[in-house]
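Just so it is clear: in the sequence shown, position 30 is 114 by the working numbering, and no numbers are missing. Note that beta-carbon positions come from the ideal geometry of N, C-alpha and C, so glycine has one too.
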Amino acid sequence: MKRVIFLFLVSIISIIPAAAQETDSLQNKFTHACIDSLSSRLNKLQHDYDYLHCRYELKIIMLELDRFTNSLNISSNGILIDRYHRNFNIDLYISFLNKYDAYTKLFNSLKESVSQVKTLVAHMCITSNFSNKEEEYLSHSSSTLDKSITAAESSLNYYKVVLDNYKNKLYR
């Protein structure tokens with residue numbers, strides 16, 4: 085009887101390490117599967133973040149350029165209204181001229197910002213694995229920025245023409 089109990093205990097003791105080893109093997113496989121899953125999810129999140137960051141930066145600079153252009157056009161219209169109503173004043177002209185100088189500095193700053201955003205987007209396109217559609221969208225947005233810069237520059241030139249016209253009426 086003692087032998088049977090002894091054999092029974094020995095068999096149980098030998099089974100426990102084998103079961104523990106199998107459990108460790110299953111746990112390692114599960115851990116590796118979880119790590120692989122989390123790694124792929126993290127890569128997807130990084131990709132999405134990079135793409136959305138590029139889109140955000142492009143949209144923000146585009147909105148700043150649009151706001152700048154609209155502000156210039158409104159100011160030009162204000163000068164034209166003063167001119168048509170024959171409200172000529174040297175102090176007003178100096179104020180308009182100072183505003184033109186401020187607009188010029190702001191325009192130069194916006195051009196630098198556009199250059200930086202385009203560099204950022206180009207760098208992200210190289211380092212991230214964007215799809216062809218995503219790269220096309222970002223490329224199109226970058227080229228739209230160039231057109232917005234041209235429009236803003238035209239508005240700035242128009243403001244200067246209107247301001248010079250106001251000056252000519254002032255001294256007649």
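Give me the Cα-Cα distance between L229 and Y168, rounded to the nearest whole angstrom. 34 angstroms
Distance between S212 and S159 (C-alpha atoms, nearest Å): 42 angstroms
Classify E196 as buried or exposed, calling it buried when 16 or more other Cβ atoms lie within 10 Å of its own Cβ. exposed
Note down the Cα distance separating L147 from L164, rounded to an integer number of angstroms. 26 angstroms
In this structure, how does DSSP classify N192 when only helix, strand and coil are distinguished? helix
Please list, in chain order, all residues of the same chain as L142 whose beta carbon is under 6 angstroms from its beta carbon, the five residues on each side excluded. S225
How would you write the range of the alpha helix (DSSP H) that N252 sits in, first residue to last? 216-254
Coil, strand or helix - S159 by DSSP: helix
Mind checking whether Y258 and L240 have CB atoms under 9 angstroms apart? Since the displayed the chain opens at 85 and closes at 256, residue 258 lies outside it and no answer follows.
For C170, which of helix, strand or coil comes out of DSSP? One point to set straight first is that residue 170 is Arg, not Cys, in the sequence displayed. R170: coil per DSSP, three-state reduction.
Alpha carbon to alpha carbon, how far is Q130 from N192? Give it in angstroms, no decimals. 33 angstroms
Short of 7 angstroms in beta carbon distance, which residues of its chain neighbour T153, apart from the five on each side in sequence? Order them along the chain. A235, A236, S239
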